[in-house]
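Chains as they are written, first to last, in the working numbering: chain W, 96 to 342; chain V, 877 to 1066.
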Amino acid sequence: MSNVRENCLTDLRLAQALDGELSAAEAWRVQLHLETCESCRARLDGLGSVSSLVAELHKLDLPLEVTERFAARLAEEESRARAEPVWRGWLGRPVPWRARLAWCGVLTILIVAGILWTARPHSKAGLRPAAQRRQPAVAAAPRELVNDIPAPRLRQARRSAKRSVRREHMAPRTPAVAREIATPFFALPFSDGALPLDEATMIRVELPRSALELAGLPVDEDRRNQRIRADLILGVDGLARAIRFVE
Amino acid sequence: MRRISAADGLSLEAPESVLELDSVKEPREASDPKQITAALFEQQRKAVYRYLVSLGLRPQVAGEVTQDCFLRLYRHLRSNGNSENLRGWVFRVAHNLAMNELKRGGAAVDAPEMEADPGGDPEQALLRKERMVRMQTAIRALPRRQQECLHLRAEGLRYREIAQVLGIGISSVAESVQRALAVLARTCHE
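Here it is, written out as structure tokens:
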């Protein structure tokens, strides 16, 4: 408004005074000012007259049939709501749908996390004996056998075997397969060390238990003919380079 | 009439029209959602309906939207929603539904008919009607926000409630109402 002085009340302050939203002290200050300021009094009257001014333009009433229809719809809504099961919280108060949704989300996350936890490989690795945990391939071969293979070839074989072991762990398989490995890979003394090992493949075979002697392991005389499974690393020439025994 | 402050014996009487609308009480004592809804419908149905028509909805559509507002209020209360300032909540829902209806083409083609003044001097009635038409034209020429603030204020909402309904600041509400009033005052004195 153009005739508002610098120390006059703002429109907002006047409106708050009308709405009764000022504290007693503020209202008192407003009142003191209004006693002496004609301009603010006029503005206050203008604000107060807005409802009568505009209401006069729309002397409308909600048609009676709308009121009656609303009563019927409200009753219908109520009977439908009572037919629905109401979720109640600890204090017997209805649980809002947002809270229900949040609970469902939390439960879903917990279930999925539980499934993932139980399905992850080596979930019980910490409980198994140290001998059954993942072991470095070829690392524990008897010194005299390992010495037969030239050092670069041996490192290559170890890397290749590690790759194959890693591939096994990355593949989606059951933890039981991982647990069946009993020994690391042992380099075989009769393999040709001059042939490349980098494209080695691994095959599963069954051998008599006496084959453990190939790796320099002790064999029980009574069980020499029992079958035992083993993984063989084959070089590109098709000859076995290393072996490990599985349970 | 209501005094703005009676703390020190001084008095200032605010215009009665605002105070009548301002004295609306929310039915807090009732705890049943249906009772609260029915009570608030009884108190506010005309105000909501008038506001919807003033936004430009056809009277029939405004009637349906009014019902929808209060049915939504019932569901809101049943789902244990916030029961603070239910009048503001109803007007906010009414405003949003009206905006949706207007987008879908529920706007009135013509302005609602003004009722003829029964009895009285025909010449005075004609002058009054002319003045009303001028006022209505002036209001329609106002920016949308000013119209909304003006109509909500006319329905007795506090500035704080208007700000909540329209999602704007309380200072913007005060400014919009003042500007609208200034225009209307000029129109009255023409």
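Beta carbons: idealized from backbone N, C-alpha and C, even for Gly.
Which residues in chain V have a C-beta closer than 7 Å to the C-beta of R168 (chain W)? List them in chain order.
Here the question's residue 168 (chain W) lines up with position 73 in the first sequence. Ordered by position in chain V, the residues that pass the 7 Å Cβ test against R168 (chain W) are Q943 and L947.
At least three beta-carbon pairs within less than 8 Å, the region 155-172 of chain W to the region 917-932 of chain V
yes
So is A1039 (chain V) buried or exposed if we call it buried at 16+ other beta carbons inside 10 Å?
As a first step, residue 1039 (chain V) must be located in the second sequence, where it is residue number 163. Looking at its Cβ environment, which holds 16 or more other Cβ atoms inside 10 Å, A1039 (chain V) is buried.
Nearest-angstrom beta carbon gap, L309 (chain W) and L283 (chain W) [assumed within contact, 8 Å]
Indexing the first sequence from 1 puts residue 283 (chain W) at position 188. Indexing the first sequence from 1 puts residue 309 (chain W) at position 214. Yes, L283 (chain W) and L309 (chain W) are in contact; Cβ-Cβ is about 7 Å, under 8 Å.
Do R324 (chain W) and V314 (chain W) have their CB atoms nearer than 7 Å?
On the first sequence, residue 324 (chain W) is found 229 positions in, with the first residue counted as 1. On the first sequence, residue 314 (chain W) is found 219 positions in, with the first residue counted as 1. V314 (chain W) is positioned such that its CB atom lies no closer than 7 Å to that of R324 (chain W).
Assess contact between the region 122-137 of chain W and the region 1049-1061 of chain V, defined as three or more Cβ pairs (one per stretch) separated by less than 8 Å. Is contact present?
no
T913 (chain V): beta carbon under 6 Å from a heavy atom of the ligand GDP?
The ligand GDP is absent from the structure shown, which contains no ligand whatsoever.
Could you name the residues of the region 1044-1065 of chain V whose beta carbon sits closer than 9 Å to any beta carbon of chain W, in the order they occur along the chain?
Against chain W - using a Cβ distance shorter than 9 Å - the residues of the region 1044-1065 of chain V are I1046, S1047, V1049, A1050, E1051, V1053, Q1054, A1056, L1057, A1058, L1060, A1061 and C1064.
E1031 (chain V) and Y927 (chain V) closer than 7 Å at C-beta
Taking the first residue of the second sequence as position 1, residue 1031 (chain V) is located at position 155. Taking the first residue of the second sequence as position 1, residue 927 (chain V) is located at position 51. A contact, by the Cβ cut-off of 7 Å.
Proximity test, Cβ basis, 7 Å: W198 (chain W) and chain V:
Walking along the first sequence from the start, residue 198 (chain W) turns up at place 103. False, the Cβ-Cβ gap to chain V never drops below 7 Å.
Give me the subset of the region 903-929 of chain V whose CB atoms are less than 7 Å from a CB atom of chain W, sorted by chain position.
K910, T913, A914, F917, R921, K922, Y925, R926 and V929
Can you give the Cα-Cα distance for V300 (chain W) and Q321 (chain W), rounded to whole angstroms?
In the first sequence, counting from the first residue as 1, residue 300 (chain W) sits at position 205. In the first sequence, counting from the first residue as 1, residue 321 (chain W) sits at position 226. Answer to the nearest angstrom: the Cα atoms are 14 Å apart.
If we count Cβ pairs, one from each stretch, closer than 8 Å, do we get three or more for the region 949-966 of chain V versus the region 1010-1027 of chain V?
Contact fails: fewer than three Cβ-Cβ distances are below 8 Å.
Do you know whose CA, among W:N102, W:W212 and W:E179, lies nearest R124 (chain W)'s CA?
The count along the first sequence starts at 1 and reaches residue 124 (chain W) at position 29. If we check each option's Cα against that of R124 (chain W), W:N102 comes out closest.
Applying the 10 Å Cβ sphere with the 16-neighbour rule, what's the burial state of I912 (chain V)?
Here residue 912 (chain V) corresponds to residue number 36 of the second sequence, with the count starting at 1. Classification of I912 (chain V): buried, given that the 10 Å Cβ count is 16 or more.
State the CB to CB distance for the pair R168 (chain W) and L947 (chain V), rounded to an integer number of angstroms; the pair is presumed to be in contact (CB under 8 Å).
Along the first sequence, read from residue 1 onward, the residue named residue 168 (chain W) stands at position 73. Along the second sequence, read from residue 1 onward, the residue named residue 947 (chain V) stands at position 71. That pair is a contact at about 6 Å.
Is it right to say I298 (chain W) is buried, meaning 16 or more other beta carbons lie within 10 angstroms of its own, or is it exposed?
Position 203 of the first sequence, counting from 1, holds the residue named residue 298 (chain W). So I298 (chain W) ends up on the exposed side.
Test: A137 (chain W) CB closer than 7 Å to a CB of chain V:
The sequence position of residue 137 (chain W) within the first sequence is 42, counting from 1. No - not a single Cβ of chain V is within 7 Å of the one on A137 (chain W).
Please look up how many angstroms separate the CB atoms of V966 (chain V) and L1028 (chain V), rounded, as I've assumed it's under 8 Å.
Here residue 966 (chain V) refers to the residue found at position 90 when the second sequence is read from its first residue. Here residue 1028 (chain V) refers to the residue found at position 152 when the second sequence is read from its first residue. Wrong, their Cβ atoms sit about 12 Å apart, outside the cutoff.
Let me see if you follow: with CB-CB separation under 7 Å, is N102 (chain W) close to chain V or not?
The sequence position of residue 102 (chain W) within the first sequence is 7, counting from 1. Answer no: the Cβ-Cβ gap between N102 (chain W) and chain V never drops below 7 Å.
Rounded straight-line distance, which links the Cα of A938 (chain V) to that of C945 (chain V)
Counting from 1 along the second sequence, the entry for residue 945 (chain V) is found at position 69. Counting from 1 along the second sequence, the entry for residue 938 (chain V) is found at position 62. So the two alpha carbons sit approximately 10 Å from each other.
Using only CA atoms, which one of W:E121, W:H128, W:L117 and W:L142 lies nearest to E1051 (chain V)?
Translated into the one-based positions of the second sequence, residue 1051 (chain V) becomes position 175. In this structure, W:L142 is the residue among W:E121, W:H128, W:L117 and W:L142 with its C-alpha nearest to the C-alpha of E1051 (chain V).
Run of the beta strand (DSSP E) containing F340 (chain W), from where it starts to where it stops:
Taking the first residue of the first sequence as position 1, residue 340 (chain W) is located at position 245. Start and end: A335 to V341.
Name, please, each residue of chain V whose Cβ falls closer than 7 Å to the Cβ of L157 (chain W).
The count along the first sequence starts at 1 and reaches residue 157 (chain W) at position 62. Chain V residues near L157 (chain W): R921, K922, Y925, G939 and T942.
At the 7 Å Cβ level, is S959 (chain V) part of the contact set with chain W, yes or no?
For the purposes of this step, residue 959 (chain V) is taken as residue 83 along the second sequence, with counting starting at 1. No, because no Cβ of chain W sits closer than 7 Å to the Cβ of S959 (chain V).
Nearest residue (CA-CA) to T1069 (chain V), options V:A1056, V:S1048, V:D997 and V:R980:
In this structure chain V extends from 877 to 1066, so residue 1069 (chain V) is not present and cannot be described.
Taking 6 Å as the limit between beta carbons, can you name the residues of its chain near S899 (chain V), skipping five residues before and five after?
Sequence index remark: in the second sequence, residue 899 (chain V) carries index 23 (1-based). At S899 (chain V) the pLDDT is 43, less than 50, meaning the model places this residue with poor confidence and gives no usable figure here.
Quick check on the DSSP output: the alpha helix (DSSP H) that includes P998 (chain V) runs from which residue to which?
Along the second sequence, read from residue 1 onward, the residue named residue 998 (chain V) stands at position 122. Unbroken alpha helix (DSSP H) run through P998 (chain V): P998 to A1017.
For H128 (chain W) versus L104 (chain W), is the C-beta spacing smaller than 7 Å?
Here residue 128 (chain W) refers to the residue found at position 33 of the first sequence. Here residue 104 (chain W) refers to the residue found at position 9 of the first sequence. Taking 7 Å as the Cβ cut-off, H128 (chain W) and L104 (chain W) qualify as a contacting pair.
Check for me: the alpha helix (DSSP H) holding L978 (chain V) runs from which residue to which?
The residue given as residue 978 (chain V) occupies position 102 in the second sequence. In the DSSP assignment, L978 (chain V) falls within the unbroken alpha helix (DSSP H) covering L962 to K979.
To the nearest angstrom, how far is it from the Cα of G333 (chain W) to the Cα of E294 (chain W)?
Translated into the one-based positions of the first sequence, residue 333 (chain W) becomes position 238. Translated into the one-based positions of the first sequence, residue 294 (chain W) becomes position 199. Going from the Cα of G333 (chain W) to the Cα of E294 (chain W) covers about 11 Å.
Would you list, in chain order, the members of the region 1010-1027 of chain V that have their beta-carbon closer than 8 Å to a beta-carbon of chain W?
M1011, Q1012, I1015, L1026 and H1027
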